[in-house]
């Protein structure tokens, strides 16, 4: 049983570019949440998807957008990248009806130069 | 609003000794409380949770945590530390009144270093 998988593992972009990160949830999970973790900091909630809709959103600008597909996988898109967007981006999956326990992927390390 | 405080950036302990990683929380209602561990360049791994019931919660890898409502604390403990326990530990809280979606607030993390 595969856990949460994220791709790519590492990514280097330049300012102003756009990036798409991908996440496949753990088998049996239908809810995906995205977090940004800057170096040495705690994870910050970006948004959560269930039934292909954004259900909740943290304090992130509209440059951050997402999508959930019918197979529950999800994408995180960031437009007009800034240096400050450099971070580890974590995907977490859960069951909507049992969502007190999150399973995290290993993350995508994004570097913006 | 909900918040978590982990007052120690780093905890050092000798292998074989007991360890404690501290966490205090603030919520408007009753809390769900969690501990996660993060190894270098990896995502967070769930250790244990407190929902209701017994104040002493047992989790993975021999860890346990004690919920103390009067002190609003949820300290992580282990009777005998291992070098392999060295990692970053995050406490998280969610107010039970948050509704159907689970959005926890994480503490800033405590780096546990276990010396041989």
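Residue numbers (the numbering used here), protein chains in the order written: chain A, 19 to 131; chain B, 7 to 122.
Backbone N, C-alpha and C define an ideal beta-carbon position, used for all residues, glycine too.
It should be emphasised that the depicted structure is a prediction, and the values quoted were computed from it without experimental measurement.
Counterpart residues of residue i in DSSP-defined beta bridges
i             : result
residue 2/B   : Past the boundaries of the shown model lies residue 2/B; chain B is included only from 7 to 122, so the question cannot be answered.
residue 52/A  : 65/A and 109/A
residue 127/A : 28/A and 106/A
residue 71/B  : 63/B and 82/B
residue 95/A  : 38/A and 83/A
residue 120/B : 19/B
Environment of residue i [buried if 16+ CB atoms lie within 10 Å]
i             : result
residue 110/A : buried
residue 87/B  : buried
residue 126/A : buried
residue 44/A  : buried
residue 20/B  : exposed
residue 102/A : exposed
residue 8/A   : Residue 8/A is absent from the structure shown; chain A starts at 19 and stops at 131.
residue 117/A : buried
residue 33/A  : exposed
residue 45/B  : exposed
residue 61/A  : buried
residue 36/A  : exposed
residue 92/A  : buried
residue 88/A  : exposed
residue 39/A  : buried
Residue-chain proximity (residue i, chain A), Cβ-Cβ < 7 Å
i             : result
residue 65/B  : no
residue 168/B : With chain B covering only 7 through 122, there is no way to say anything about residue 168/B.
residue 59/B  : no
residue 109/B : yes
residue 50/B  : yes
residue 114/B : yes
Residue-chain proximity (residue i, chain B), Cβ-Cβ < 7 Å
i             : result
residue 93/A  : no
residue 118/A : yes
residue 102/A : no
residue 108/A : yes
residue 123/A : yes
Residue i versus residue j - alpha carbon distance
i             : j             : result
residue 93/B  : residue 52/B  : 13 Å
residue 83/B  : residue 71/B  : 6 Å
residue 32/B  : residue 113/B : 11 Å
residue 102/B : residue 9/B   : 13 Å
residue 107/A : residue 128/A : 7 Å
residue 51/A  : residue 86/A  : 10 Å
residue 113/A : residue 72/A  : 15 Å
residue 121/A : residue 100/A : 28 Å
residue 7/B   : residue 58/A  : 23 Å
residue 107/B : residue 95/B  : Here the model assigns residue 107/B a pLDDT of 49, short of 50, so the residue's position is not dependable, and the following value carries that caveat. Taking the straight line from one Cα to the other gives about 23 Å.
residue 59/B  : residue 131/A : 50 Å
residue 55/B  : residue 47/A  : 19 Å
residue 30/A  : residue 97/A  : 14 Å
residue 63/B  : residue 25/B  : 16 Å
Given a limit of 9 Å on CB to CB distance, which residues of the stretch 33 to 47 of chain B reach chain A?
From the stretch 33 to 47 of chain B, only 38, 40, 42, 44 and 47 have a Cβ closer than 9 Å to chain A.
Please list, in chain order, the residues of the stretch 38 to 52 of chain A that have any C-beta partner in chain B closer than 7 Å.
Cβ contacts with chain B: none found.
Listed in chain order, which residues of the stretch 59 to 80 of chain A have Cβ atoms closer than 9 Å to some Cβ of chain B?
Contact annotation: in the stretch 59 to 80 of chain A, residues whose CB is within less than 9 Å of a CB in chain B are 59, 60, 61, 62, 63, 66, 68, 73, 74 and 76.
With 8 Å as the C-beta to C-beta threshold (strictly closer), list the residues of the stretch 68 to 99 of chain B near chain A in chain order.
Cβ contacts with chain A come from 96.
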